[in-house]
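Notes follow once the structure below has been shown.
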Amino acid sequence: MNQKSSQRQSQHTGQSQQQTTTSPKKPQSFDELQNGKGSYRPAARSVGDWLDHTSIDALNHLNEQAADIFYRKGVTFTVYSDAKNIERMIPFDIIPRIIAASEWRQIEAGCRQRITALNAFLHDIYHDQAIMKAGIVPASYVYASGCYEPWMMGIELDKPIYSHISGIDLIRDESGRFCVLEDNLRTPSGVSYMLESRNISEILLSDQFSHTSILGVSDYPKRLKSCLASSTSKYDPQIAILTPGRFNSAYYEHAFLAHEMNVPLVHGYDLIVEDSKVYMQGIRGKVQVDIIYRRIDDPYIDPLAFRSDSILGVSGLMSAYRAGNVVIVNAPGTGVADDKSLYPFVPDMIEFYLGEKPLLPNIETYQCRKPDELQYVLDNLDKLVVKETQGSGGYGMLIGPTSTKQEISDYRKRLLANPAGFIAQPTISLSTNPTAVSDGIAPRHIDLRPFILSHGDGSVDIVPGGLTRVAMVEGSLVVNSSQGGGIKDTWVIDDSDLAASTKPSVAKKQDNQIDKQSSEAITANHSHYHDPVQPLEAGYENPDNAPMILLLSTANYLVWLGRYSERLYYYDNIIKQLVKGNIKKAQLHHLINHLGFNVDPNQPLKTMKSQMLSDLEQEKIPNIVQSIETNVQEAKGVIGKDTAELYNLIKRLSSAGTYRAATLQLHACNAAMAQEHPIVTCFWQLGRHFEQLERAVFLNEDTVAISLEFKHWINKLPENTRWRELIRLTNQMIKSQQLSDFQLLSKECSTILQQGV
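The following block contains the structure:
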């Protein structure tokens, strides 16, 4: 080992040793890359070799590049506890987490066993309730869970799977043993971060991928779609993803998965229930939905069955579900199985339903609803981790060893007020992984969330990897993104031949590196270059013949995207004329009177120009840029990845105050939109030309040429629909040149689009 490597390893292990010296009773964390002697574990040798030959400056530069990619793509999350409720970039660290394939097989078997038992438990509690009658799981625990849904009693599912998509959070204790921290069976998120992390690794660490046997995860969307389709017996079912909207913390993931699976991303207002069947409201009419992958919580999915004040769900959805005409994934009432008060009983569930011993152990858990265990927790709050049974995202936790006396005192009051709402666990020193920080490489605590897909036939599919979350703060055990945690790529490496061979050093130049990359991998990286993925209608033998599903609401957003884009161009042109001094006082009065600027028309010309510039730069243009961003977000399900990235740059430029550059960036966005699916381009162009036409009408300009151009795009709208009425109204407006006819056209167009909002 060279001197640089020795220093690196000394720095890496020294911090843990120093912590042990200052806190003798605290066990040393398990190191994911190195063994106790400071050498790299067999599966991590290639990564260790790369680390030994890479400076900290180079690592930090890679992390900066990764952050830039995330920013460009708009990979964000929202922190609800933040008063501003703003989007944030999730921290990413380039040093991967390594798991040997031999270890992964144990994880895979344990997760498969656990989710099989949990699905059996869910079916049981809504039918025979055998485990409750046997006294293994107290009925009071089940009924007291806020996620237990009496609505689900006796419903016979086409395929008796309740949690199709699950995420089981695992940690490694001080001995290196994998343990289950908690189960996530409602609407587990984070898989988009797993896929985007892998994409970044493949781009920035291509050397490693050229000679390391890393198992792939990129086919997860295909696996997910197959899993969803298996939830019904219907051939080629129509799938849709139901999102609560762009203000949800995981909205990026909702749009990402919809795009990757080629299925519509719908809001509650896009769906209607008629005759106990669910339909999407598309531009060509209604399309029946067979499977809804919902990303909203139970209380909000149907205001007639649950919360009557919900505006996120679909009225009557549960009636269609009970009738067997639609599958909801994951099933309502699934959350009872990941209630933390029921977590201690999962090993018993495995033995009861499967007759097997758990392969992945639970962490010792104290149930605060039990008086003797509550007393123990109260006496040891400074040593334990206490959680809300219904908590998630790292909220509502107490980590005793790192909390102040006041925080512990305040938490004690909460605990005493509702003991049944809490559990407690020992403080486990999570395993660590080397992480690039500003002044070097340091250990940071991590966990792992594998993503488990349960198919309708009872089979279980697990993508080889998962989401590794990392606590970016030194010494912190909280890895949740909402609490400042970051992510790492998770590499499952084939270690079957590592004992007999040594992988080549990354320090040596790989002359034929490009040749070693499979043509399939290269093609996959550019799969969307010529063939943008769009949501298609199911039920067609040849997908090429299937019409695109464009929701009425999305069409509305595309029209407004076109309108605001054109408006930004126009305002930019006004600024240009103001700066050059080409606008006369009469022209300014004309613009003020007809387009509504915050300018005093009684002021001298110089003052009026100054006021108009101020209004444009401080109010109108920032508002338009925000409106463009809003409509792009809402249309993410139908526009390509590259187009979305181009629009993200507009937001970035405008945030820096460079509105001129943002306007110039719009040229690239428009070029991209012109290459989208013809129907997407049509509605966007419709918005652009309607904006031009309306402005010409308001400014008393000649409208003939723009009216003919507008008619060109009207003619491309779907035939045999109400849209064709717009052709008659456009012809009437061209012939009469009357404001009243334009108003009729505007009203009819707005009415059609608003039907889906």
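Every number in the numbering used here is 178 more than the matching position in the sequence shown, counting from 1.
Even for Gly, the Cβ is constructed at its ideal location relative to N, Cα and C.
These figures come from a predicted structure and were not determined experimentally.
- If you draw a 10 Å sphere on the C-beta of Asp778, you find fewer than 16 other C-beta atoms in it, and that means exposed.
- Taking a contact as a CB-CB distance under 8 Å, the pair Leu714 and Ala724 counts as one, their CB atoms being some 4 Å apart.
- The C-beta separation of Arg350 from Val524 comes to about 19 Å, leaving the pair out of contact by the 8 Å criterion.
- The C-alpha of Gln466 lies about 19 Å from the C-alpha of Asn720.
- Between the alpha carbons of Lys889 and Gly740 lies a gap of roughly 16 Å.
- For His623, the three-state secondary structure derived from DSSP is strand.
- In terms of Cβ geometry, Lys251 and Glu823 form a close pair [threshold 8 Å].
- Considered as a whole, the segment 242-324 harbours 254-256, 265-267, 270-278 as its complete beta strand (DSSP E) runs of no fewer than 3 residues, in chain order.
- Taking Ser805 as the centre and dropping the five residues before and after it, the same chain places the C-beta of Trp738, Tyr742 closer than 8 Å to its C-beta, in chain order.
- Judged by beta-carbon spacing, Leu363 lies within the 8 Å limit of Leu296, meaning their Cβ atoms are closer than that value.
- In summary, Gly774 is exposed, with fewer than 16 beta-carbon neighbours lying within 10 Å of its beta-carbon over all protein chains present.
- Distance from the Cα of Tyr589 is smallest, within the candidate group Gly574, Asp347, Thr580, Pro579, for Gly574.
- In its chain, beyond the 5 residues on either side, Pro220, Ala221, Ala278, Ala279, Ser280 have a beta carbon closer than 7 Å to the beta carbon of Asp673.
- Residue state for Asn540 is assigned as strand, using DSSP reduced to three classes.
- By the C-beta density criterion, Gly835 is exposed, having fewer than 16 other C-beta atoms within 10 angstroms.
- The beta carbons of Thr859 and Met851 sit closer together than 8 Å.
- According to DSSP, residue pairing for Thr610 in a beta bridge involves Asp209, His623.
- Shown here for Ser832: same chain residues with a beta carbon closer than 6 Å to its own, the five before and five after excluded, namely Val803, Ala840 in chain order.
- Taking the Cβ atoms as the reference, Arg622 lies roughly 17 Å from Thr605, outside the contact range of under 8 Å.
- Partner residues in the beta bridge of Gln603, as assigned by DSSP, are Val563.
- Our two residues, Cys325 and Ile309, have alpha carbons roughly 18 Å apart in a direct line.
- Residue burial is scored here from C-beta neighbours: Met331 has fewer than 16 other C-beta atoms within 10 angstroms and is therefore classed as exposed.
- In the three-state DSSP reduction, Ser344 falls in the strand class (E or B).
- Three or more beta-carbon pairs separated by less than 8 Å are not found between the segment 478-490 and the segment 525-533, which leaves the two stretches without contact.
- In its chain, beyond the 5 residues on either side, Ala716, Gly717 have a beta carbon closer than 7 Å to the beta carbon of Asp414.
- Linking Gly288 to Gln796 through their CA atoms gives a straight-line distance of about 57 Å.
- Taking a C-beta distance under 8 Å as the contact criterion, Gly634 and Val670 do not qualify as a contact pair.
- Arg376 and Pro549 have their alpha carbons spaced roughly 47 Å apart.
- Counting of Cβ neighbours within 10 angstroms places Arg906 among the exposed residues, the total staying below 16.
- In this chain, Tyr478 is not harboured by any alpha helix (DSSP H), its DSSP state being neither H nor E.
- Looking at Ser659, Lys814, Phe600, Phe629, the one whose alpha-carbon comes closest to that of Ser344 is Phe629.
- Note: Gln459 is bridge-paired with Lys464 in the DSSP secondary-structure output.
- Met726 is bridged by DSSP to Leu714.
- Here DSSP, grouped into helix, strand and coil, assigns Asn362 to strand.
- When His342, Val253, Ala245, Ala322 are compared, the shortest CA-CA separation from Arg290 is found for His342.
- Taking Ser224 as reference, the option from Ile392, Thr365, Pro366, Tyr249 with the minimal CA-CA separation is Ile392.
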